[in-house]
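Worksheet: the structure to be examined is printed underneath.
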Amino acid sequence: MPKDEAGVLSEIKRNYILKKLKEGKRGDGRSPESFREISITTNYVPRSAGSAYVKLGRTKVVAGIKIESGEPFPDTPNQGVLTTNVELLPMAFPTFEAGPPNEGSIEIARVVDRGIRESKMIDLESLVIEPAKKVWIVFADIDVIDFDGNLIDACTLAVVSALKSAVVPGSTEGGKDFALPVRSLPISVTMVKIGDELVADPDLEEEQLSTARITVTTTADEHIRAMQKGDTGYFTLDEIRKAIKLSSDIGRQIREKHFK
Amino acid sequence: MGTASDIKLIDENGLRIDGRSPTELRPLKIETDVLERADGSAFIEWGGNKILVAVYGPREAYPKHTQDIEKAVVKARYNMSAFSVDERKRPGPDRRSVEISKVISEALSAAVMVEQFPRAQIDVFIEVLQADAGTRIAGLTASSVALAAAGIPMRDMVVGCAAGKVDGKIVLDLGKEEDNFGQADLPMGILAKSGKIVLMQMDGDLSQEEFDQATALIMDATKRIYDIQREALAGKYRALALERGGE
């Protein structure tokens, strides 16, 4: 992950965050397991098939869905196609550069994609126009416009919200427009390890201080649909179990508060 | 995970499509020093997987801005050869291999004593010659051996292993059909002695109890895989000792 303009976190700030955490508090006053404020505005870009503008604290992302007809993959002739892409725009952070996706943005996109795919959120089988020939292709593109940590969760929230509001342009293929069939609600929860503490929804400073990251995506049945450990540190099995439990608890809260 | 199918992956005796029990690994063989030029190398055959790993370094990190003044950068490059899968794979990195390279690099960094080599880079080239499910954990297991064979100081060996869900049952080390038609896949990288987890990915559908079952299988298998890694390295030094007249 990129560092801030100075390249490193100042020693004073580092010590402050570490000291606070020992008292069970975070730099911004949150408890270790609480998220920053979430704000979701759907239909933010009406020209897209579905969209959402999500603020997670000071991290801001815009997800837009485009749905076009096209050829299915040869190995899944009876399924529509879903592709997810994340753009870390240069406007979002001093060290983000324009150009092809780097390994960081590829990882984010793939973890977000896995959560949505494995939760079977989109009923891809209902997106066939003509078997083996023509299916609906759902493009989920996410622009990161302001970066203050935890992009995986911000992007998952944005894509899920955008997909939920998306309309398939059936009229362009001689049918009727219809709402994109959505069956479940995956929520990803990312935690980082700072010292021996797990903190959820890290901001940028916490990401810079952390040694390891874990993302757990769950559905309403509290089953795990996707996981990803990142960074060069380690987790013990107990820490991972704790992360799973935390993820399913926080996922339930977010579903109740923002997706009722 | 894979698509649903009518294929029965576990028979009435609880045996899997290749005749294994739920807790059984596929045949696994590791050999070191298979390449001449590399500082360390290993070849792993795990089920139908055939994977070569070459290690170069520590050497000066290049380009210069990638250098870390505090430690070495471990840079793994996972690559599938064009002929490694049923349909020809277009050569070069794709999004999947970029992600796998990243998580393998991070896992190996946790084991290598990177702080001993500031500004250096350690390259780990992983070439999948034949793929048969579980290439990332097989590549990781072999990478660890190749790093040790290169004489690079390490805290611990990294063992790669996976478990998953097939026909609703938790099983160890998914084979190709199980990977294609199963309901969950959980690849992990574990430090052999400490049991710390340095790589973990998961896709599919697991309850929290099923996750515990799967990790128990993996932790148990870690010891068996570690023994094979050690034996491969011990074999190397036995051969060296013989060359020098048994001293």
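First to last, the protein sequences are chains R and F. Using our numbering, the first residue of the first sequence is number 226, and each one after it goes up by one. Using our numbering, the first residue of the second sequence is number 19, and each one after it goes up by one. Cβ atoms here follow ideal geometry from the backbone N, Cα and C, with glycine treated the same way.
Point to revise | Counted within 10 angstroms of its Cβ, other Cβ atoms place F:Tyr255 as buried (16 or more) or exposed | key: Locating residue 255 of chain F in the second sequence gives position 237, counting from the first residue. Classification for F:Tyr255: exposed.
Check your understanding: Do R:Gly476 and R:Ile412 come within 8 Å of each other at the CB atom, strictly closer than that value?
Key -> On the first sequence, position 187 is the one that residue 412 of chain R refers to. On the first sequence, position 251 is the one that residue 476 of chain R refers to. Yes, these two residues count as a Cβ contact at 8 Å.
Exercise for review: Please confirm whether F:Val189 and F:Pro40 have their CB atoms less than 8 Å apart.
Suggested key: As a position in the second sequence, residue 189 of chain F is number 171, starting the count at 1. As a position in the second sequence, residue 40 of chain F is number 22, starting the count at 1. It is a contact, given that the beta carbons lie within the stated cut-off.
Review point. Do you know whose CA, among R:Ile237, R:Phe260, R:Glu236, lies nearest R:Ala425's CA?
Key: As a first step, residue 425 of chain R must be located in the first sequence, where it is residue number 200. Nearest option by C-alpha distance: R:Phe260.
Review point. Near R:Ser273, which residues of its chain fall below 7 Å by C-beta distance, leaving aside the five closest residues on each side in sequence?
Key: In the first sequence, counting from the first residue as 1, residue 273 of chain R sits at position 48. Correct list, in chain order: Gly289, Ile290, Lys291.
Check your understanding: From this set, R:Ile469, R:Asp463, R:Leu434, R:Lys238, which residue's C-alpha is nearest R:Glu447's C-alpha?
Key -> Counting from one through the first sequence, the residue named residue 447 of chain R turns up at place 222. For R:Glu447, the nearest C-alpha among the options comes from R:Ile469.
Check your understanding: Are F:Leu53 and F:Trp64 close, meaning C-beta to C-beta below 8 Å?
Key -> The residue you call residue 53 of chain F lines up with position 35 of the second sequence. The residue you call residue 64 of chain F lines up with position 46 of the second sequence. No.
Practice item. Give the straight-line distance between the Cα atoms of F:Glu195 and R:Cys380, rounded to the nearest whole angstrom. Key: Start at 1 with the first residue of the second sequence, and residue 195 of chain F comes out as number 177. Start at 1 with the first residue of the first sequence, and residue 380 of chain R comes out as number 155. About 32 Å.
Check your understanding: Along chain R, which residues have their Cβ under 7 Å away from the Cβ of F:Arg113?
Key -> What you label residue 113 of chain F is simply residue 95 of the second sequence in a count that begins at 1. The answer, in chain order, is Ile331, Arg335.
Practice item. Compute the distance between the beta-carbons of R:Ile362 and R:Leu388, then report whether it is under 8 Å. Key: On the first sequence, residue 362 of chain R is found 137 positions in, with the first residue counted as 1. On the first sequence, residue 388 of chain R is found 163 positions in, with the first residue counted as 1. The answer is no: Cβ separation not under 8 Å.
Exercise for review: Please name the residue, chosen from R:Gly254, R:Phe298, R:Tyr459, R:Glu312, that lies closest to F:Arg173 on a Cα-to-Cα basis.
Suggested key: In the second sequence, counting from the first residue as 1, residue 173 of chain F sits at position 155. Ranking R:Gly254, R:Phe298, R:Tyr459, R:Glu312 by Cα distance to F:Arg173 puts R:Tyr459 first.
Practice item. Answer with yes or no whether the minimum CB distance from R:Ala231 to chain F is below 8 Å. Key: Numbered from its first residue, the first sequence carries residue 231 of chain R at position 6. Because the pLDDT of R:Ala231 is 48, which lies under 50, any placement of that residue in the model is unreliable, and the question is left without a value.
Review point. From what residue to what residue does the beta strand (DSSP E) around F:Phe143 run?
Key: Here residue 143 of chain F corresponds to residue number 125 of the second sequence, with the count starting at 1. Start and end: 138–148.
Point to revise | Partners in chain R for F:Val116, counting only beta-carbon separations shorter than 7 Å | key: As a first step, residue 116 of chain F must be located in the second sequence, where it is residue number 98. Residues of chain R passing the Cβ test: Glu328, Ile331.
Exercise for review: State the start and end residues of the unbroken beta strand (DSSP E) segment that holds F:Val69.
Suggested key: Here residue 69 of chain F corresponds to residue number 51 of the second sequence, with the count starting at 1. Reading the sequence as shown, one finds Ile at residue 69 of chain F and not Val. Residues 67–78.
Point to revise | Same chain only: Cβ atoms within 6 Å of R:Thr309, ignoring 5 sequence neighbours per side | key: To locate residue 309 of chain R, count along the first sequence from 1; it is residue 84. Once the five neighbours on either side are set aside, the close Cβ partners of R:Thr309 are Ala334, Val337, Asp338, Ala365.
Practice item. Please report the residue range of the alpha helix (DSSP H) in which F:Ala252 lies. Key: The sequence position of residue 252 of chain F within the second sequence is 234, counting from 1. Its alpha helix (DSSP H) spans residues 226–261.
Review point. Any residues in the region 218–240 of chain F with a beta carbon nearer than 8 Å to a beta carbon of chain R? Which ones, in chain order?
Key: Met218, Gln219, Met220, Asp221, Gly222, Asp223, Leu224, Ser225, Gln226, Phe229, Asp230, Thr233, Met237
Exercise for review: Within 10 angstroms of the Cβ of F:Glu133, are there 16 or more other Cβ atoms? Answer buried if so, exposed if not.
Suggested key: Locating residue 133 of chain F in the second sequence gives position 115, counting from the first residue. Counting Cβ neighbours within 10 Å, F:Glu133 comes out exposed, since fewer than 16 surround it.
Point to revise | Neighbour flag for F:Thr159 against chain R, beta carbons, 8 Å | key: Your numbering for residue 159 of chain F matches position 141 in the second sequence. Not an interface residue.
Point to revise | Proximity winner among R:Val441, R:Ile439, R:Thr440, R:Lys418, relative to R:Glu430 (alpha-carbon distances) | key: Taking the first residue of the first sequence as position 1, residue 430 of chain R is located at position 205. Ranking R:Val441, R:Ile439, R:Thr440, R:Lys418 by Cα distance to R:Glu430 puts R:Lys418 first.
Review point. Should the region 168–183 of chain F be regarded as contacting the region 27–34 of chain F, the criterion being three or more beta carbon pairs within less than 8 Å?
Key: no
Exercise for review: Going by CA-CA distance only, name the one from F:Tyr96, F:Gln201, F:Met175 that's closest to F:Lys187.
Suggested key: Reading the second sequence from its first residue, position 169 is the one you call residue 187 of chain F. Nearest C-alpha to F:Lys187: F:Gln201.
Check your understanding: Whose C-alpha, out of F:Ile140, F:Gly193, F:Lys82, is nearest the C-alpha of F:Ala168?
Key -> Within the second sequence, residue 168 of chain F is the residue found at index 150, counting from 1. Considering only alpha carbons, the answer is F:Ile140.
Check your understanding: Within 10 angstroms of its Cβ, does F:Thr84 collect 16 or more other Cβ (buried), or is it exposed?
Key -> On the second sequence, position 66 is the one that residue 84 of chain F refers to. Under this definition F:Thr84 is an exposed residue.
Check your understanding: Apart from the five residues just before and just after R:Ala231, which ones in its own chain have a Cβ nearer than 8 Å to its Cβ?
Key -> The residue given as residue 231 of chain R occupies position 6 in the first sequence. Residue confidence for R:Ala231 is low, a pLDDT of 48 falling below 50, so the modelled location carries little weight; the figure read from the coordinates is stated next. Cβ neighbours of R:Ala231 beyond the five flanking positions: none.
Review point. Leaving out five residues before and five after R:Lys228 in sequence, what residues of the same chain have Cβ atoms less than 8 Å from its Cβ?
Key: Residue 228 of chain R sits at position 3 when you count from the first residue of the first sequence. For R:Lys228, the predicted structure reports a pLDDT of 47, less than 50, and the residue's modelled location is therefore unreliable. A value from the coordinates is still provided. Taken in chain order, the residues that qualify are Leu234, Thr320, Gln433.
**Study point:** Beta-carbon neighbours of F:Leu209, restricted to chain R and to distances below 9 Å
**Key:** Start at 1 with the first residue of the second sequence, and residue 209 of chain F comes out as number 191. Tyr459, listed in chain order.
Review point. Would the beta-carbon of F:Val163 fall within 8 Å of that of F:Met98?
Key: Counting from 1 along the second sequence, the entry for residue 163 of chain F is found at position 145. Counting from 1 along the second sequence, the entry for residue 98 of chain F is found at position 80. No, these two residues do not count as a Cβ contact at 8 Å.
Practice item. For F:Thr84, name the three-state secondary structure that DSSP assigns. Key: The sequence position of residue 84 of chain F within the second sequence is 66, counting from 1. Three-state DSSP puts F:Thr84 in a helix.
Review point. Would you say F:Gly182 reaches chain R, if we count a Cβ-Cβ gap shorter than 8 Å as a contact?
Key: Taking the second sequence and counting its residues from 1, the one referred to as residue 182 of chain F is at position 164. Output row for F:Gly182: interface = no.
Point to revise | Element boundaries [beta strand (DSSP E), containing F:Gly97] | key: Within the second sequence, the letter at position 79 stands for residue 97 of chain F. Rather than Gly, the amino acid found at residue 97 of chain F in this sequence is Asn. Here the beta strand (DSSP E) through F:Asn97 covers 91–98.
Check your understanding: Is the CB of F:Ala128 under 8 Å away from at least one CB in chain C?
Key -> Considering every chain present, this structure includes no chain C. Its protein chains are R and F.
Check your understanding: Going along chain F, which residues have a C-beta under 8 Å from R:Asp463?
Key -> The residue labelled residue 463 of chain R in the question sits at position 238 within the first sequence. Result: empty, since nearest Cβ-Cβ is about 10 Å, beyond 8 Å.
Exercise for review: Find the residues of chain F that neighbour R:Gln433, judging by a C-beta separation of less than 8 Å, and give them in chain order.
Suggested key: Reading the first sequence from its first residue, position 208 is the one you call residue 433 of chain R. Those do not exist, as R:Gln433 stays about 14 Å from chain F at its closest Cβ, beyond 8 Å.
Exercise for review: Take the Cβ of R:Gly420 as the centre, count every other Cβ of all protein chains shown within 10 Å, and call the residue buried at 16 or more, exposed below.
Suggested key: In the first sequence, residue 420 of chain R corresponds to position 195, counting from 1. The residue in question, R:Gly420, is exposed, as its Cβ has fewer than 16 Cβ neighbours within 10 Å.
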